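Residues in the sequence shown are numbered consecutively from 3, following this note's numbering.
In this text, a Cβ means the ideal position worked out from N, Cα and C, and glycines have one as well.
In this text, all values refer to a predicted model and were calculated from it rather than measured experimentally.
Notes follow once the structure below has been shown.
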Amino acid sequence: MRILAFTFLVSIMLMGCNGSTICQSQSEPLHSEDEFVEYYSTIPLRETPYPKPMGVVRLTKEMAITRNHYEFLYDSIFRLKSITFKNGVVPVIPNHTSNYFFTSTSQKFDYSENMEYRTFYDRFGNRVNQRGAHREVYVQGEDGRYVALWFENENGNRIENDWGIFEYKWKRENDGSVFESRTNKKGELVSIRPGFEFYDLKLYYNPNGTIALMQNVSKEGTLIENSSGVAQDKLLFDVEGRWLGWMVLDANGKLRKGNGPNVAKGINKSDSFGYEKSITFEDVDGSNIINSHGFYGSIRNYDRFGNYALTHFINENGEPDINEQSGYCFAKYSWDNRGINRTMIELLNVKGEPVAHKSRGYSKIKQEYDSLDRLTQTTFLGVKGNPIDRLDNGISKILYSYDEKNMLISTKRFDSNGNKME
Numbered sequence: 003m004r005i006l007a008f009t010f011l012v013s014i015m016l017m018g019c020n021g022s023t024i025c026q027s028q029s030e031p032l033h034s035e036d037e038f039v040e041y042y043s044t045i046p047l048r049e050t051p052y053p054k055p056m057g058v059v060r061l062t063k064e065m066a067i068t069r070n071h072y073e074f075l076y077d078s079i080f081r082l083k084s085i086t087f088k089n090g091v092v093p094v095i096p097n098h099t100s101n102y103f104f105t106s107t108s109q110k111f112d113y114s115e116n117m118e119y120r121t122f123y124d125r126f127g128n129r130v131n132q133r134g135a136h137r138e139v140y141v142q143g144e145d146g147r148y149v150a151l152w153f154e155n156e157n158g159n160r161i162e163n164d165w166g167i168f169e170y171k172w173k174r175e176n177d178g179s180v181f182e183s184r185t186n187k188k189g190e191l192v193s194i195r196p197g198f199e200f201y202d203l204k205l206y207y208n209p210n211g212t213i214a215l216m217q218n219v220s221k222e223g224t225l226i227e228n229s230s231g232v233a234q235d236k237l238l239f240d241v242e243g244r245w246l247g248w249m250v251l252d253a254n255g256k257l258r259k260g261n262g263p264n265v266a267k268g269i270n271k272s273d274s275f276g277y278e279k280s281i282t283f284e285d286v287d288g289s290n291i292i293n294s295h296g297f298y299g300s301i302r303n304y305d306r307f308g309n310y311a312l313t314h315f316i317n318e319n320g321e322p323d324i325n326e327q328s329g330y331c332f333a334k335y336s337w338d339n340r341g342i343n344r345t346m347i348e349l350l351n352v353k354g355e356p357v358a359h360k361s362r363g364y365s366k367i368k369q370e371y372d373s374l375d376r377l378t379q380t381t382f383l384g385v386k387g388n389p390i391d392r393l394d395n396g397i398s399k400i401l402y403s404y405d406e407k408n409m410l411i412s413t414k415r416f417d418s419n420g421n422k423m424e
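What follows is the structure, encoded as structure tokens:
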């Protein structure tokens with residue numbers, strides 16, 4: 003249902019860090035006198051693209067160059083020029099810290115009158131699409147707040163994105179909330195994203211720019227319950243933007259089990275960097291509950307770079323347990339010595355022994371790279387470490403090829419006997 007995620011007012015970028023030992027009190031000058039840079043360990047959960055970008059947990063430059071982080075670059079009047087995800091000084095593909103509206107290595111910002119343009123780049127500086135769009139165009143009202151967003155392809159023509167959204171429209175209400183609607187190319191209402199039955203929204207924000215309440219409403223503002231009986235999502239964050247969880251409510255403000263995970267509450271604990279440390283779920287009566295993905299909760303551990311190191315599922319008592327849908331308990335992640343390339347994922351049972359994924363059949367995923375850190379091969383292995391055919395699609399090996407600009411140009415799939423698959 004959720005990941006983490008960006009801000010409401012640019013002034014929030016300058017606020018204090020509430021005593022955090024990781025925090026840096028001021029922006030640092032870059033190479034140019036008219037540019038400034040800030041470093042953050044992660045970005046906040048975002049349910050819609052309305053808020054202006056923000057970071058979570060400020061880092062010093064000295065700390066940022068040792069680990070994964072987001073680099074926010076500003077011009078002389080503190081407008082964003084770019085946001086780039088890096089491991090140390092190396093631009094990399096965003097990891098678990100990304101959100102629905104930041105999926106590329108870098109976003110660049112340009113401005114003209116009341117327009118803001120965002121373009122997307124890979125780690126080699128090539129233009130890429132984000133959710134099917136080559137560029138996002140934001141329209142600002144007289145007060146500087148966004149009033150519309152649309153998407154363009156590489157030819158500058160307006161398109162629907164991968165979620166079927168042609169245009170967002172926003173209107174600030176008298177009570178301080180924001181009314182949001184989304185339509186496709188035909189002008190028909192579109193849900194917030196595929197599988198999430200919220201349509202017209204009334205959005206309330208915290209002073210630091212994180213979302214506080216999201217309501218599914220009619221054009222007149224009346225609360226509407228979706229097919230799971232849910233009309234409202236209440237989101238919880240601390241003052242630095244660390245995600246604390248959510249509550250699902252009906253139109254009367256009562257707890258209701260529903261939406262994607264099919265729970266009433268999600269309780270998230272974060273570490274000092276804003277990374278999810280654990281998550282558990284509750285029913286309307288406060289009892290522990292298993293979610294729609296087959297687990298009561300999970301624990302996550304990270305390496306010194308901020309990459310996943312070990313994750314595991316837990317039962318209602320907080321003990322390591324098998325996910326009833328996937329069939330494993332622990333997932334162990336291996337990386338190269340720079341923390342840039344993930345080389346292996348191993349699935350283990352409660353005892354730490356290799357186990358096969360229940361519906362996919364593999365126990366390990368092995369990944370190989372070339373001298374430019376480009377992924378060249380993915381191999382699926384069984385519990386004994388031998389290549390196997392996945393149960394869900396029959397694939398054993400994937401080979402990747404690139405052009406002279408380092409753009410992916412082909413993906414070839416093979417079974418364990420070396421037969422090419424269509």
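Secondary structure at residue i, three-state DSSP: helix, strand or coil?
i	result
His314	strand
Ala253	coil
Met65	helix
Tyr76	strand
His71	strand
Thr86	strand
Trp401	First, the amino acid is wrong: residue 401 is Leu here, not Trp. Three-state result, Leu401: strand.
Pro93	strand
Ile194	coil
Val241	coil
Thr44	strand
Asn303	strand
Lys386	coil
Ser114	strand
His359	coil
Trp165	coil
Ser183	strand
Leu393	coil
Glu30	Reliability of the predicted coordinates at Glu30 is poor, the pLDDT of 42 falling under 50, and the value obtained from them is presented with this limitation in mind. Residue state, collapsed to three classes: strand.
Tyr330	coil
Met216	strand
Cys25	Any reading at Cys25 is ruled out, since the residue's pLDDT is 39, under 50, leaving its predicted position unreliable.
Taking the CB atoms as reference points, tell me whether residue i and residue j lie closer together than 9 Å.
i	j	result
Ala135	Phe111	no
Met216	Glu49	yes
Val39	Lys63	yes
Glu278	Lys271	yes
Met346	Lys360	no
Arg344	Arg392	no
Gly396	Lys366	no
Tyr119	Val139	yes
Thr68	Gly90	yes
Val250	Asp235	yes
Gly276	Ser100	no
Lys289	Asn261	Residue identity check: residue 289 is Ser in the sequence provided, not Lys. No, these two residues do not count as a Cβ contact at 9 Å.
His71	Leu82	no
Val94	Thr105	no
Gly143	Asn116	yes
Asn427	Arg129	An answer regarding residue 427 cannot be provided, because it is not within the stretch 3 to 424 covered by the chain.
Met423	Phe126	no
For residue i, tell me which candidate among the options has the shortest Cα-Cα distance.
i	options	result
Ser294	Gly243, Ser328, Phe307	Ser328
Gly247	Tyr207, Tyr335, Met346, Phe283	Phe283
Glu182	Lys188, Gly197, Val219, Phe198	Val219
Ile411	Asp417, Ser418, Leu401	Leu401
Gly197	Asn264, Val149, Gly211, Arg258	Asn264
Met56	Asn210, Trp337, Asp285	Asn210
Leu312	Asp287, Tyr52, Asn351	Asn351
Glu318	Gln369, Phe307, Ile281	Ile281
Val385	Tyr404, Tyr364, Lys368	Tyr364
Trp337	Ile316, Gly308, Glu355	Gly308
Ser179	Tyr207, Arg125, Lys353	Tyr207
Glu37	Val59, Glu348, Leu75	Leu75
Val357	Thr224, Tyr102, Asn339, Cys331	Cys331
Lys171	Gly158, Arg147, Asn155	Arg147
Ile213	Lys414, Glu424, Pro46, Phe126	Pro46
Asp177	Leu205, Glu156, Ser418, Pro322	Leu205
Lys173	Tyr310, Tyr52, Ser373	Tyr52
Thr381	Lys422, Glu162, Ser418, Ser373	Ser418
Leu257	Ile269, Asn339, Val232	Val232
Pro322	Asp77, Lys407, Gly354	Gly354
Between residue i and residue j, how many whole angstroms is the CB-CB distance? I'm expecting something under 8 Å.
i	j	result
Glu169	Leu191	Not really, about 11 Å apart at Cβ, beyond 8 Å.
Glu436	Asp252	With the chain covering only 3 through 424, there is no way to say anything about residue 436.
Trp165	Arg137	Not a contact, Cβ separation roughly 16 Å.
Val141	Ile342	About 38 Å; that fails the 8 Å criterion.
Val58	Arg302	In fact, because the Cβ distance is near 16 Å, the residues do not count as touching under 8 Å.
Cβ of residue i less than 9 Å from any chain C Cβ?
i	result
Lys256	Reference to chain C is not applicable here, since this structure consists of a single protein chain.
Tell me, please, whether the region 84-97 touches the region 282-301 by the rule of three or more beta-carbon pairs shorter than 8 Å. Flag = no, the region 84-97 and the region 282-301 do not touch.
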